[in-house]
Amino acid sequence: MEWLQETYATYQSTLAYIGLNGLLALSVYTTLSCGQLALGNAGFAAIGAYAATLLTMKAGAPFGLSLLLGALLPALVAVPLGLPVFRIRGVFLAIATIGFGEVVRIGLVNWEYVNGAQGIVAIPQKASVGLVWICLAGALFVLSRIRGSKWGFALEAIREDEPAARTMGIHTARYKLAMLVLGAALAGLAGGLEAHFTFMVAPNGFSFGRVVDMLVFAVVGGAGAFYGPAIGAAFLTLLPEVLREVSPHLGIEPGPLRMLVNGLVLLAVILFLPQGLVSLPAWWRERLASRRSA
Amino acid sequence: MSAGLLQVEQLERTFGGLRAVDGASFAVRPGEVHGLIGPNGAGKTTVINLVSGLLAPTGGEIVLEGRPIHGLPPHDIAGRGVARTFQNIRLFPELTARDNVLVGQHRRRRPSLAARMLLLRSAREEERQAGERAAALLTQVGLSERVAERARNLSYGEQRRVEIARALASEPRLLLLDEPTAGMNPVEVQAVAALIRQVASGGRSVLLVEHNVRLVMDVCHRITVLNFGRVIAEGTPAEVSRDPAVIAAYLGNPK
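Chains as they are written, first to last, in our numbering: chain A, 12 to 305; chain B, 1253 to 1507.
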């Protein structure tokens, strides 16, 4: 029993980050599922984190309300952002939304009320690992119910051929915006949870690199299935823990080893498993079948 | 402008200096199969793109059931009962034949997301009905065996038929078919001809762009002939096939 408690205490942070990164990966997946590469999610997470933090610390709001509004505010911000940026697509959409994220970060750096670049510390720790995982489960449930519905088919149609989808009567702009809003809410929720788990928020936690991480989680896990991004996040969050154990035996510092292995994993997935880790079982079955027939 | 389901008046569309459609006017009556023919580059596909809203006209009017639709976005035009197929097949390649047809039902289906979130049985019932309608439509175009196949794995002729089923799934008042039999074998062409007649006998109108002259003569009630974006002849198949301007457009002027 003691051993279990000790292990939990050691890996509590890892377990929480599996859930937080899962939520963030899903927040990128929402727009990817209708073929849109929108990368403003570090900005949405920052808005959620700061909003929830300020509500808890300055307004004395109950934690549940802080979290809720921390998800709602970025969702509201996503509407005026989405209306103009979805007029462009592909890499231009990615650049415009990255720009949004940077604007949020730089705005926070220059906002003295929230201590600028230093950020806010001593936030009460109110988020538990369990709560993080419940939120992830909720997000997965919502996405699983969208799949296969009239909505879900509209999203797939937009991803496959947007003009053709429009001639089917699908108001594509509305669906794309809805998914951006949903993604913003998920990112904001993750931001609020993270702030109340790690006791602190700072603008540099929401840099461009953070949204690249989210995208890598989604790609490595597989953006073809709603649960793929969560699996990618879990895999890539656990990997450094494993490497930390291994690195002394290899005589390499954990930090550089992590970067090296992360890069190799990403490369290997893109080259050999373009549908992500979730396609591994199918890939394996195919291999077995072809070996049997040979 | 009363008799027409679709009324096209002085329609014009230019691409830079090119007048792809240059003041074309014609009307499609309810329950009519209306052929739109002409040599390559006559502007037929442009007309289809204008009517379905993928392109906006640079001049003229498109009126559906007395209401102007030119300049409306494609999803609004689809919502008013216009469905189409594409000359260069545009199915959703990674979706199954059935799911392609389910997308085609978009405007007809009740929203079920809230019910799905609450795990209500009504959502499952609605989905079952939609799935059955999709299967029935695929059976109607002779693809009952291929329902669960991904669109990209289907043969050319099969893909064209899925496109027709997907367009019919919205129960359109006006069906725009852009070369539906291109690349099909004669047996498949006969099946499509029968299908077009069946659609029209149900009171729907069909605007048919087609190069297969025999099919056009066979199924169309009336034909509009385009050349260089202008209407050069209009009438029944027999009238059009005798028209000297049509013969000149297709075969060149006799010296």
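Using N, Cα and C, we set each Cβ at its ideal position, and we do this for glycine too.
These numbers were taken from a predicted model, which means no experiment stands behind them.
Check                                                                                                                                                            : Outcome
Between the region 40 to 51 of chain A and the region 164 to 182 of chain A, can you find at least three pairs of beta-carbon atoms closer than 8 Å?             : yes
Is B/His-1322 close to chain A, meaning its C-beta is less than 8 Å from at least one C-beta of that chain?                                                      : no
Are the region 189 to 199 of chain A and the region 1401 to 1413 of chain B in contact at 8 Å, needing three or more beta carbon pairs?                          : no
What are the boundary residues of the beta strand (DSSP E) that A/His-159 is part of?                                                                            : For the record, residue 159 of chain A in the displayed sequence is Gly; it is not His. Segment: none, A/Gly-159 is in no beta strand (DSSP E) and carries neither H nor E.
Taking a contact to mean a Cβ-Cβ separation below 8 Å, would you say B/Leu-1288 touches B/Thr-1476 in this structure?                                            : yes
Can you list the residues of chain A that B/Val-1508 reaches, using a CB-CB cut of under 8 Å?                                                                    : Residue coverage of chain B in this structure runs from 1253 to 1507, which leaves residue 1508 of chain B outside it and unanswerable.
At which residues does the beta strand (DSSP E) containing B/His-1286 begin and terminate?                                                                       : 1285 to 1289
What residue from B/Met-1436, B/Gly-1454 and B/Phe-1278 has the CA that sits closest to B/Leu-1478's CA?                                                         : B/Phe-1278
Return the first residue and the last residue of the alpha helix (DSSP H) that B/Gly-1311 is part of.                                                            : No alpha helix (DSSP H) holds B/Gly-1311; the beta strand (DSSP E) holding it covers 1311 to 1316.
Rounded to a whole number of angstroms, what is the C-alpha to C-alpha distance between B/Leu-1354 and B/Ala-1382?                                               : 7 Å
Roughly how many angstroms lie between the CA atoms of B/Glu-1452 and B/Gly-1356, to the nearest whole one?                                                      : Per the sequence presented here, residue 1452 of chain B reads as Ala, with Glu not at that position. Approximately 19 Å between the Cα atoms of the pair.
Have a look at the DSSP bridge pairing and note the partners of A/Ile-131.                                                                                       : A/Val-212
Any beta carbon from chain A within less than 8 Å of B/Leu-1406's own beta carbon?                                                                               : no
DSSP three-state call for B/Ser-1254: helix, strand or coil?                                                                                                     : With a pLDDT of 49 at B/Ser-1254, under the threshold of 50, the predicted position of this residue should be treated as unreliable, though the coordinate-derived value follows. Three-state result, B/Ser-1254: coil.
Within a Cβ cutoff of 6 Å, which residues of the same chain sit near A/Arg-269, ignoring the five residues on either side of it in sequence?                     : Pro-251 and Leu-254
Quick test of the definition: if touching needs 3 or more C-beta pairs under 8 Å, does the region 24 to 42 of chain A touch the region 217 to 233 of chain A?    : yes
Check for me: the beta strand (DSSP E) holding B/Asp-1274 runs from which residue to which?                                                                      : 1270 to 1280
Given a cut-off of 8 Å on the beta-carbon distance, is the pair B/Val-1414 and B/Asn-1352 in contact?                                                            : yes
Please say whether A/Ser-290 and A/Gly-233 have beta carbons closer to each other than 8 Å?                                                                      : yes
In chain order, which beta strand (DSSP E) runs of at least 3 residues are fully inside the region 1420 to 1462 of chain B?                                      : 1426 to 1430 and 1457 to 1461
Going along the chain, which residues of its own chain have a beta-carbon closer than 7 Å to the beta-carbon of B/Pro-1291, five neighbours each way excluded?   : Asn-1479, Ala-1501 and Tyr-1502
So, is B/Thr-1337 buried or exposed, given that buried needs 16 or more other C-beta atoms within 10 angstroms?                                                  : buried
Using a Cβ-Cβ cutoff of less than 6 Å, which residues in the same chain neighbour B/Thr-1310 once the five nearest sequence positions on both sides are dropped? : Glu-1264, Arg-1265 and Thr-1266
Rank B/Ser-1364, B/Ala-1387, B/Glu-1317 and B/Arg-1385 by C-alpha distance to the C-alpha of B/Arg-1376 and give the top, closest one.                           : B/Ser-1364
Using three-state DSSP, classify A/Ala-82 as helix, strand or coil.                                                                                              : helix
Quick check on the DSSP output: the beta strand (DSSP E) that includes B/Gly-1487 runs from which residue to which?                                              : 1482 to 1487
How would you write the range of the beta strand (DSSP E) that B/Ile-1475 sits in, first residue to last?                                                        : 1474 to 1479
Please classify B/Ser-1396 as buried or exposed, where buried requires at least 16 other C-beta atoms within 10 Å of its C-beta.                                 : exposed
Going by the DSSP bridge assignment, what does B/Arg-1336 pair with across the sheet?                                                                            : B/Leu-1428
Please name the residue, chosen from B/His-1327, B/Arg-1281, B/Gly-1275 and B/Gly-1312, that lies closest to A/Thr-178 on a Cα-to-Cα basis.                      : B/His-1327
Report yes if the CB atom of A/Val-227 is closer than 8 Å to the CB atom of A/Leu-249, and no otherwise.                                                         : no
Mark A/His-52 as exposed unless 16 or more other C-beta atoms lie within 10 angstroms of its C-beta, in which case mark it buried.                               : Sequence inspection shows Asn at residue 52 of chain A; the His mentioned does not correspond to that position. Burial call: buried.
Under a Cβ-count criterion, where at least 16 other Cβ atoms within 10 Å of its own Cβ denotes burial, should A/Pro-240 be classed as buried or exposed?         : buried
Please report the residue range of the alpha helix (DSSP H) in which A/Tyr-40 lies.                                                                              : 13 to 43
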